[in-house]
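*Asks:*
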Amino acid sequence: MLGALLECTTPEGTTVGRIVETEAYMGEDDPACHAAAGRTARTAPLYGEPGSAYVYFIYGRYWCFNAVTRAAGLPSAVLVRAVEPVTGIDLMRARRPLARSTADLTSGPGKLCMAMGIEVRHNRLPLDRRPLLIRAGERIADRDVLVTPRIGITKAADWPLRWIVKGNPFVSGRR
DNA sequence: TCGAAGATTGTCT
DNA sequence: GACAATCTTCGAG
Numbered sequence: 022m023l024g025a026l027l028e029c030t031t032p033e034g035t036t037v038g039r040i041v042e043t044e045a046y047m048g049e050d051d052p053a054c055h056a057a058a059g060r061t062a063r064t065a066p067l068y069g070e071p072g073s074a075y076v077y078f079i080y081g082r083y084w085c086f087n088a089v090t091r092a093a094g095l096p097s098a099v100l101v102r103a104v105e106p107v108t109g110i111d112l113m114r115a116r117r118p119l120a121r122s123t124a125d126l127t128s129g130p131g132k133l134c135m136a137m138g139i140e141v142r143h144n145r146l147p148l149d150r151r152p153l154l155i156r157a158g159e160r161i162a163d164r165d166v167l168v169t170p171r172i173g174i175t176k177a178a179d180w181p182l183r184w185i186v187k188g189n190p191f192v193s194g195r196r
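Take any residue in the first sequence, count from 1 to its spot, add 21: that is its number in my numbering.
This is how it looks when you write it as structure tokens:
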């Protein structure tokens with residue numbers, strides 16, 4: 022998914038970002054995956070169609086966007102942790118008045134959802150059509166991809182399941 | 001009904 | 001670097 026384009030259309034307009042950071046959550050046997058708790062009202066979207074959205078609310082404040090992957094019934098997903106703004110940057114700025122730079126607009130899972138207007142109404146939507154779309158973008162060469170442990174979790178914190186575009190300034194966290 | 005934890009961000013020191 | 005904000009989810013009682 023690195024290099025692919027994430028596009029979200031709302032009544033305010035369309036925003037597009039290039040995906041530069043992802044994390045994998047590998048089903049019920051992954052202690053950090055929400056599906057480790059089994060199938061509940063919250064995790065049900067993870068068990069849905071591959072290629073649909075899983076959007077959840079965290080820390081009473083923020084939305085996080087995932088693409089459901091693998092086969093139906095296997096609750097795995099890819100969390101999009103950062104995108105590089107491509108289209109609709111003015112709209113992103115309006116939605117994130119606290120952002121102090123362009124890189125601050127979408128360099129985190131909560132930030133990019135704020136900037137792009139992704140929220141619960143997008144939960145479970147298919148990702149191959151509007152309003153929420155992932156489409157092909159630039160191909161990232163393997164030598165430009167870095168794999169690291171996942172961020173911000175306590176369980177299985179050492180599993181190398183985070184992928185970033187090497188040196189990209191829009192990746193989350195501190196350099 | 002209650003309590004605790006959480007795939008984060010922003011502010012303050 | 002520490003910690004507050006804020007609320008949904010789920011298990012226990």
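Think of the CB as a built atom: it goes at the ideal place given N, C-alpha and C, for glycine as much as any other residue.
What residue range is occupied by the uninterrupted beta strand (DSSP E) comprising P106?
*Replies:* From DSSP, the beta strand (DSSP E) with P106 extends over 97 to 108.
*Asks:* Assign T175 to one of three DSSP states: helix, strand, or coil.
*Replies:* Three-state DSSP puts T175 in coil, outside helix and strand.
*Asks:* Only counting runs of 4 or more residues, tell me where the alpha helix (DSSP H) segments fall wholly within the segment 36 to 116, in order along the chain.
*Replies:* Listed in chain order, they are 110 to 116.
*Asks:* Rank D149, G38, T175 by C-alpha distance to the C-alpha of M135 and give the top, closest one.
*Replies:* Comparing Cα positions, the closest option is G38.
*Asks:* Indicate whether the contact test is met: 3 or more Cβ pairs, each with one atom in the segment 74 to 83 and one in the segment 139 to 159, closer than 8 Å.
*Replies:* Contact between the segment 74 to 83 and the segment 139 to 159 is present, because at least three Cβ pairs lie under 8 Å.
*Asks:* Provide the residue(s) that pair with V168 in DSSP beta bridges, ordered along the chain.
*Replies:* Note: V168 sits in a beta bridge opposite W184.
*Asks:* On a Cα-Cα basis, can you pick out the residue from F86, D163, P170, I139 that is closest to T35?
*Replies:* When only C-alpha atoms are compared, the closest one is I139.
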